Structure formats: C-alpha cells, structure tokens
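Residue numbers (this note's numbering), protein chains in the order written: chain B, 384 to 694; chain V, 41 to 507. Below is one structure, written out as structure tokens; the observations come after it.
Right under this line is the structure:
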C-alpha cells in the first residue's frame with residue numbers, strides 16, 4: 384500500500400507552530416506564568432474584584448437598597464476615623480489579638496511538649512486535641528454561648544446552687560467580662576493550632592541531639608533552651624503571626640457570642656462592618672473593613688519575610 | 041306589612057351588602073360574624089353577584105418555588121400553623137413554599153444582603169419603617185393593599201404610617217407584637233405593691249424590694265428589634281425627649297429632664313434590675329421570666345401564652361422547664377413619666393422582592409394568605425400575641441375574652457412611631473436600624489454617664505437626620 388505523502392503546504396505551518404509552542408514551554412518564565420494563570424484568574428475574580436469594589440464603595444455614600452449615590456472621596460474614612468465605636472473596635476481588636484496569642488502560644492507549646500512524649504493513648508490524645516480546631520467555629524461558639532448564657536449558664540446555676548452567688552454571672556452584659564469571655568473562647572479554639580504545629584516541629588528535633596546533650600549533663604530546661612527551641616523557633620514565629628492575623632480578622636466567634644455588644648463595646652472589624660451593612664451603610668461598612676487592610680498587610684509582610692528566610 | 045322574608049339573615053345581609061357595596065371578603069366576614077352556615081354564605085354571595093367561596097380557581101397556572109423570610113415566632117403553635125398554611129396553598133397551586141425563620145436581630149442583615157445582592161427570599165417580613173429602606177427593590181403592592189384594607193376597613197393610621205412609603209404600599213401591614221409589662225402578681229404584692237406602679241420612679245422603687253427578694257426586674261437592652269427599643273423609646277418619650285422635633289430635622293434628645301431621668305435609671309438599674317440585661321435579646325427575658333428568675337419584664341404576650349401552654353401540658357418549644365403559673369402572671373401598660381405614657385407602635389408587613397423570579401406566585405400567596413379566611417385563623421393561632429393592623433380583626437374574641445391581655449391592645453392609645461415627633465420615614469428607620477436610642481440607654485448604664493451617652497446619640501442622630 385502506497386503511502387500518500389501529506390500535503391506539503393500544511394505540515395511546516397503546524398509543526399512550526401507546535402514547535403514554537405514547545406520552545407516556549409521550554410522557557411522557564413513562560414511555564415511559570417502558565418501554571419500561575421488558573422490561580423491568578425481565581426484570585427482576580429474572587430479577591431481582586433471584591434477588593435476593588437470595596438475600595439470604590441468605601442468612597443461613596445451608597446446605602447443598601449438605593450441605586451442613587453455619589454462619590455464622596457475620603458469622607459467615610461474621615462467619619463469612621465472620628466467614630467468612637469470604631470476607635471473602640473480598633474482597641475478591641477488589639478486586645479483580642481495580643482491578649483489571646485500569648486496564652487495560645489504558651490499553652491499550645493506546653494501541650495505540644497506533653498504530647499511529644501509517647502505514652503498510652505498518646506496518639507488518640509493527639510487526634511482528640513484537634514477537636515476545637517476542626518469543629519466549625521459557628522458551632523463551637525454556640526456551645527460557648529450556652530456556657531456564657533445570662534440566664535442558664537451552668538456556671539451561674541452551680542454557683543447559685545452551692546450558695547456562692549446570689550445572682551447570675553454577667554458574662555456578656557458587661558464590657559470587661561464580655562471581652563474576657565471572648566478571649567477565653569478564642570484561646571480554647573486556638574490552642575490546638577499552636578499545639579499541632581509545634582508538635583510537628585518537635586518531632587523534627589533529632590533525638591541524637593537530646594541524647595548527646597543529656598550525656599553532657601544538660602538539664603531538661605537547658606536541653607529545651609539549647610536543643611529544642613532553636614529548631615522550633617521559626618515555627619513559633621510563623622504560627623504566632625498566622626494566629627494574630629486570624630484573630631484580627633475574626634468574625635464568627637464574636638458575632639455569635641456578643642454581636643459586638645454590650646453597647647458596641649466588643650466589636651472587631653468584621654462584626655462592626657457587618658453591623659454597618661445590616662443598618663444599610665454599605666459605604667461605611669466597606670470603609671471599616673478596609674481600615675483593617677494596612678494592619679493585616681504589615682503583619683502579612685512580616686510573615687512572608689520569615690517564611691522566605693526559613694527557606 | 042313587613043315582608044317576612046326580610047327578617048331572614050341571608051336576605052338582610054344581601055341587602056346590606058348591596059347597599060354598602062361590600063367586597064366579596066367583607067361579605068364573608070359579615071357572614072361569619074352573623075354565624076351563617078357555609079350554604080347560607082353561598083346564597084348571599086350569589087345573591088350579591090359575588091363568586092361562591094369554593095368556586096374560585098387560580099386564574100393562572102402557578103408553579104416553581106417560593107421562599108419566605110420571617111422572624112422566628114414567639115408563639116410556636118402559630119409558626120406550625122403558618123407552615124401548614126403555606127403547605128396547603130403550595131399543594132393547591134403546585135408551588136414549593138419554604139419559610140426561613142431567623143432570630144429577630146438577624147432579619148435585617150439578611151434582608152439587607154438580599155436586597156444588595158439581588159438574590160434571596162421572594163417574600164420578606166419587614167418590621168415597622170423598614171419598607172422605607174428597601175422599597176426601591178420591592179414590588180408595588182398598592183392594589184393588594186387596597187383589597188386587603190378594603191375588606192375590613194382601612195388599616196389603622198399607625199400601621200399605614202409605618203409601612204406605606206409616602207402613601208405607597210410596597211408591603212402589606214399585618215399588625216405587630218405589642219409590648220406591656222408582664223409581671224408576677226405574688227412577688228409584687230410581697231414587695232408591697234398591690235397594683236402595678238403607675239410611674240417609672242415608683243417601678244424602680246418597687247424593683248428595689250423585688251431585687252432584694254432575689255427576683256429583680258429584667259430588661260433586654262441588646263441589639264434586638266423588639267423589647268430593647270420598646271423600653272428605650274418609651275422611657276425617652278416619657279421624659280420629654282425625642283429623636284427630632286416635628287420638622288423631622290432638629291434633634292430634640294438633649295433635654296435636661298431626660299438626662300436626669302437617665303441618671304435615675306442608672307441608679308435604678310443597679311438597685312432594681314437584673315444587670316445581665318445589657319446582653320439580652322428578645323428571647324432572654326422570656327427565659328428568665330419563665331424560669332422564675334425575674335419578677336417583671338417588658339414583653340409581648342408570649343410569656344403568658346407559653347406559661348398557659350405549659351400549665352395545660354401542651355407542647356412548648358422551650359428547652360427548659362416553665363415553672364411559672366399563668367394565674368400569677370398579669371400585664372400592665374407602661375408606667376408614665378413627667379411627659380406622659382408612651383409605647384412604640386408600628387406594623388410589621390410582608391412584601392415581595394423585585395428580584396424574585398416567581399413574583400406571580402408570591403403575589404398570589406399573599407393575596408390568599410391575607411384574605412380573612414386564612415388571616416383570621418392565623419391571628420387566632422397567635423392567641424393575641426399579634427395585634428392586628430385592621431380594626432375589623434380587633435373585635436375577634438382572642439383580643440377581648442381574656443382581660444389579662446387588654447393592656448396589649450390598649451397600646452394603640454399610647455403609640456408613637458419611631459422617629460417621633462417627625463414622621464416615620466427613611467431617617468427614622470435608619471436611626472432604629474443603628475439602635476441609636478437603645479444604645480443611648482444601654483451606654484448610659486454601662487458607662488455610668490448619662491450626659492455622655494446623650495451627646496454621643498446627638499452626634500449619631502445629626503448624621504442620620506442631616507444626611
């Protein structure tokens with residue numbers, strides 16, 4: 384059977400095109416961009432677009448439900464800056480972030496050191512430890528809400544039954560105790576993240592180093608300081624930064640427990656922005672959440688620096 | 041000689057209906073009032089040229105789905121009843137109806153995000169004055185309002201003012217839960233009060249005794265749409281302060297008599313109230329009352345109804361034991377202040393969103409549900425918890441039989457709209473959506489600073505009313 388030669392005209396074109404594409408694929412920069420493309424598109428669509436829209440809305444006096452609105456430049460930023468509730472929100476966010484993180488760090492570290500030892504059921508315990516982390520926050524917050532309930536808190540009921548209290552504990556109806564309650568629930572939820580991350584780091588510490596140090600007569604504290612700590616130092620730093628960022632951007636826990644109350648004294652950026660939106664001030668709502676941007680940007684920049692350095 | 045047939049109620053009603061040009065619905069209502077049987081009603085309807093009840097079939101074929109957003113009911117049987125109604129109508133019309141019931145503080149954020157994103161429930165339940173915030177995105181319902189209102193006489197003025205946007209209906213008023221003090225007669229007697237105190241100051245004085253007995257007064261002051269504003273606005277008005285003057289612009293809240301009343305309240309709160317109240321929403325005080333932790337609270341009649349249900353062994357939706365005997369519960373109108381006695385009064389309403397893809401079904405459902413044949417049984421299922429927006433329903437025995445419920449209907453005599461002395465409008469709606477007045481009261485208590493709380497409220501109100 385005779386083989387028909389392929390038409391001469393089409394072949395060189397196609398092969399030239401495919402070889403050109405092939406050649407492009409050989410180039411590292413092209414391949415890199417090609418691989419970045421899907422992720423980039425997703426980011427553009429779901430992050431950059433809402434972000435851009437947010438910036439635009441924050442410079443308008445748009446109200447929910449009204450198509451008529453005007454561009455007012457930075458007026459919302461000026462008003463929100465002078466807003467006492469917003470100032471309180473900033474203070475709350477810092478309290479919330481910087482009070483809870485040290486607790487989470489130290490308790491998480493302690494737990495990790497404990498779990499790094501092998502004992503009966505240690506694997507089961509390690510798995511169980513993750514529970515507060517994997518239960519959806521909205522659900523675990525509801526459990527905390529019951530514990531802090533103004534009328535039926537088990538703590539109040541027990542206290543009254545044992546004659547220690549003559550009225551219910553005011554968990555969420557007073558600014559100080561409401562903030563403390565929020566911090567407590569946040570710490571509970573955040574410990575596992577620290578513990579598990581640190582545990583992973585601890586398991587990378589070569590046991591030979593410990594043995595060698597022990598032979599040299601180092602006390603457990605000295606071994607922790609000189610052997611363990613240098614290895615997990617970066618993990619501590621990165622988990623701390625991550626936790627600060629998440630705590631700053633929290634919404635669910637605060638919304639479920641206090642909705643920002645009493646009297647707007649426990650808002651964080653997310654809940655105050657949501658409240659503004661609910662009341663119809665969509666421009667101001669965008670402004671409130673955008674005020675969070677520089678803070679988070681600085682934290683993220685520090686985080687990235689350390690992640691890179693670790694590489 | 042008098043024609044004997046004319047004494048027949050059927051003939052009477054035909055004559056009356058013809059003379060007064062009754063609508064079909066009014067004929068049905070009157071027939072029900074006269075106790076006519078269904079066949080007799082059929083005679084009247086055909087005698088007046090109206091369509092008989094059963095003969096009406098939907099003129100258009102409906103289908104698809106319909107989603108309703110409403111606040112969760114405080115009378116659980118009524119919620120079950122509404123679900124039955126939507127199912128009945130849905131089955132008849134081949135429409136799958138679902139209702140999402142959300143906690144009161146969550147209704148408005150949900151409506152706002154639906155309005156802004158153009159997706160969500162087809163029918164929404166709105167609280168008083170909210171229509172002013174969302175009407176641009178809502179379907180014009182003037183025709184339906186006319187036919188619903190026409191059947192039982194016009195809506196009450198308070199209902200029209202707080203629902204219609206400059207006289208235009210985008211949602212139909214249904215009435216509201218009203219507020220009075222629910223209180224424990226035995227505890228008040230023990231505290232030396234044979235009747236409920238007439239003034240706020242007297243109430244605080246009795247409250248001091250009650251708190252010493254371990255049964256303080258309870259007041260919700262969190263961000264929730266019912267009890268907190270009911271107290272906050274009423275206390276403000278009773279002491280001569282208002283959001284704005286009649287011009288709807290001049291802020292009128294910074295009144296010395298109000299500031300001093302706030303100082304009285306700050307002391308009263310410590311002496312007479314359950315101090316956890318700053319975190320309470322609309323349901324917390326019900327729980328506190330029904331579990332015998334407080335002796336009085338501002339509420340709808342739902343506490344009394346729940347206690348009655350529990351006493352009768354009926355199913356309640358409470359996840360705790362109701363330990364209060366309904367016989368010991370009584371109700372009283374709000375106490376008065378130097379400026380008088382006042383209540384917040386405005387109607388809830390149901391409207392259809394413009395983005396709804398099933399507007400036809402939504403309209404058909406509302407038309408069906410708001411007809412007296414459906415709506416009156418729904419009101420009855422509410423057992424007096426909802427006071428009606430139409431005067432005709434106020435004659436229903438549920439509002440008149442039990443004298444203990446009288447204060448709830450009496451509210452219409454002391455009612456003011458949010459935004460008073462200005463009109464109920466977009467600005468009033470905005471101020472209440474931001475909980476400015478509720479927060480003013482709560483803030484004074486929390487910070488122990490009456491003037492500071494008033495100054496902050498002035499700043500926020502100026503922003504709202506000056507916009």
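For every residue, glycine included, the Cβ atom is placed at its ideal position computed from N, Cα and C. Just so it is clear, the structure is predicted and the values come from calculations on it, not from any experiment.
For residue 483 of chain V, the nearest beta carbon of chain B is closer than 7 Å to its own beta carbon.
Rounded to whole angstroms, the Cβ separation of residue 474 of chain V and residue 291 of chain V is 14 Å, and the two are not in contact under 8 Å.
Around the beta-carbon of residue 495 of chain B, 16 or more other beta-carbon atoms lie within 10 Å, marking it buried. The beta carbon of residue 261 of chain V sits closer than 6 Å to the beta carbons of 268, 317, 318, 482 from its chain, once the five residues preceding and following it are set aside; these are given in chain order.
At a cut-off of 7 Å between C-beta atoms, residue 445 of chain B does not count as an interface residue with respect to chain V. Taking C-beta atoms under 8 Å as the contact rule, residue 221 of chain V and residue 114 of chain V fail to qualify, at a distance of about 16 Å.
Within chain B, no residue has its CB atom less than 7 Å from the CB of residue 269 of chain V, the nearest being about 13 Å off. Secondary structure note for residue 593 of chain B: its alpha helix (DSSP H) is the uninterrupted segment 590-598.
For residue 465 of chain B, no Cβ of chain V is located within less than 7 Å of the residue's own Cβ. DSSP places residue 323 of chain V outside any alpha helix (DSSP H), giving it a letter other than H or E. Taken in chain order, the complete beta strand (DSSP E) segments of 3 or more residues contained in the segment 503-580 of chain B number zero; there are none.
In the structure shown, residue 486 of chain V adopts helical secondary structure according to DSSP, grouped into three states. Per DSSP, residue 202 of chain V is one residue of the alpha helix (DSSP H) stretching across 197-203.
In terms of Cα proximity to residue 153 of chain V, the closest of V/378, V/139, V/109 is V/109. Residues of the segment 309-325 of chain V whose Cβ lies closer than 9 Å to any Cβ of chain B, in chain order: 314, 315, 316, 317, 318, 319, 320, 321, 324, 325. Membership of residue 457 of chain V in any alpha helix (DSSP H) is not indicated, and neither H nor E is assigned to it by DSSP. Residues of the segment 448-459 of chain B with a Cβ closer than 8 Å to any Cβ of chain V, in chain order: 448, 449, 450.
Between the alpha carbons of residue 466 of chain V and residue 210 of chain V lies a distance of about 14 Å. Boundaries of the alpha helix (DSSP H) around residue 229 of chain V: 225-230. Along the length of the segment 129-167 of chain V, whole alpha helix (DSSP H) runs at least 4 residues long occupy 144-157, reported in chain order.
Counting C-beta pairs with one atom in each stretch, the segment 169-177 of chain V and the segment 447-458 of chain B have three or more that are closer than 8 Å, which means they touch. Residue pairing by DSSP places residue 257 of chain V opposite V/313, V/336 in a beta bridge.
The contact set of residue 155 of chain V on chain B, defined by CB atoms closer than 8 Å, consists of 447, 448 in chain order. Straight across, the Cα-Cα distance linking residue 182 of chain V with residue 647 of chain B is about 39 Å. For residue 149 of chain V, a Cβ of chain B is located within less than 7 Å of the residue's own Cβ. One finds nothing in chain B with a Cβ atom closer than 8 Å to the Cβ of residue 386 of chain V; even the nearest lies about 17 Å away.
For residue 105 of chain V, the enclosing beta strand (DSSP E) starts and ends at 105-111.
Measuring C-alpha to C-alpha distances from residue 400 of chain V to each of V/433, V/102, V/142, V/85 identifies V/102 as the nearest. Rounded to whole angstroms, the gap between the alpha carbons of residue 62 of chain V and residue 406 of chain V is 21 Å.
Going by beta carbons, residue 643 of chain B and residue 654 of chain B fall inside the 7 Å limit. In chain V, no part has a C-beta under 8 Å from the C-beta of residue 685 of chain B; the shortest such distance is about 34 Å.
From the listed residues V/444, V/245, V/421, V/323, the smallest Cα separation to residue 259 of chain V is found for V/323. By the neighbour-count criterion, in which 16 or more other beta carbons inside 10 Å mark a residue as buried, residue 155 of chain V falls on the buried side. Residue-level contact check: residue 371 of chain V does not touch chain B, since none of the beta carbons of chain B fall below 7 Å from its beta carbon. Chain-order list of chain B residues neighbouring residue 145 of chain V: 642, by C-beta distance under 7 Å. The three-state reading of DSSP puts residue 120 of chain V in helix, counting H, G and I together.
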